[in-house]
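Here is the structure we will look at.
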Amino acid sequence: MSDKEEQEEIPLRRILVPLDGSEWSFRAARYAIKIAMMAKAEIVSVHAVVSLPTTAYANVHAGALVPRYIEEAKKEAQKWFDEIDAIAKKAAVVRLSTEIILDVFSAVDALITYAERNNLDLIVIGTKGRTGLKKFVLGSVASGVISHAKCPVLVVR
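Following the working numbering, the numbering of the sequence shown begins with 4 at its first residue and continues without gaps.
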């Protein structure tokens, strides 16, 4: 590496932190907050609400189920966002934005697309999500994000 390359700073203005309610995602968020403090960066936290399988839509009662599913997902995500907001405020990270991405077929695709469209500089993600599958060292969403993201990805465990 040349001296010029060593001196070139990589901008770190916006950090994406996907939340799914798992302890792993909260660990990633706490780590991202520490990075944001040092870099004076903004935290952008998102939750992707994956669409119900098509078999649920075929059910006669699905008309009531889908809106309730979305509303419950939004309420749950808001609780997570509030928790992260409180941690960020204690750490003096004042720039925090949150967003819920609805009607997602693939959490991986949604996160990657969101990061690209919003010019995020780093994705900080937990190793595992809410799937509860402990046999996997790395969760499928984290693995997919690592494989396909165009920006750097930091995996926290």
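Even for Gly, the Cβ is constructed at its ideal location relative to N, Cα and C. Treat the numbers as computed from the prediction; the structure is a model and nothing was measured.
- In the DSSP assignment, G147 falls within the unbroken alpha helix (DSSP H) covering 143-151.
- Here V111 is near G147, since their CB atoms are less than 8 Å apart.
- Straight-line measurement puts the Cα of I46 at about 5 Å from the Cα of I18.
- With contacts defined by Cβ atoms closer than 8 Å, C154 and L125 form a contacting pair.
- In the DSSP assignment, G129 is bridged to V159.
- Here P21 is buried: its Cβ has 16 or more other Cβ atoms, across all protein chains shown, within 10 Å.
- Around the Cβ of I87, a 10 Å sphere holds 16 or more other Cβ atoms; the residue is buried.
- Non-local C-beta neighbours of W83 in its own chain, meaning closer than 6 Å and more than five positions away in sequence, comprise L22, G24, ordered along the chain.
- In the DSSP annotation of this structure, V52 is not part of any alpha helix (DSSP H); the continuous beta strand (DSSP E) holding it starts and ends at 45-53.
- Annotated three-state conformation of L68 is helix, per DSSP.
- Excluding residues up to 5 positions away in sequence, I18, V20, I46, V127 lie with their Cβ nearer than 7 Å to the Cβ of A35 in the same chain.
- When the alpha-carbon of V53 is set against those of N122, A118, A80, R33, the nearest one is in A80.
- Straight-line spacing of the CA atoms in Y117 and I104 works out to 9 Å.
- Leaving aside the five residues that flank H50 on each side, the residues in its chain whose CB is nearer than 6 Å to its CB run, in chain order, L22, A80, I103.
- Straight-line spacing of the CA atoms in R33 and V69 works out to 32 Å.
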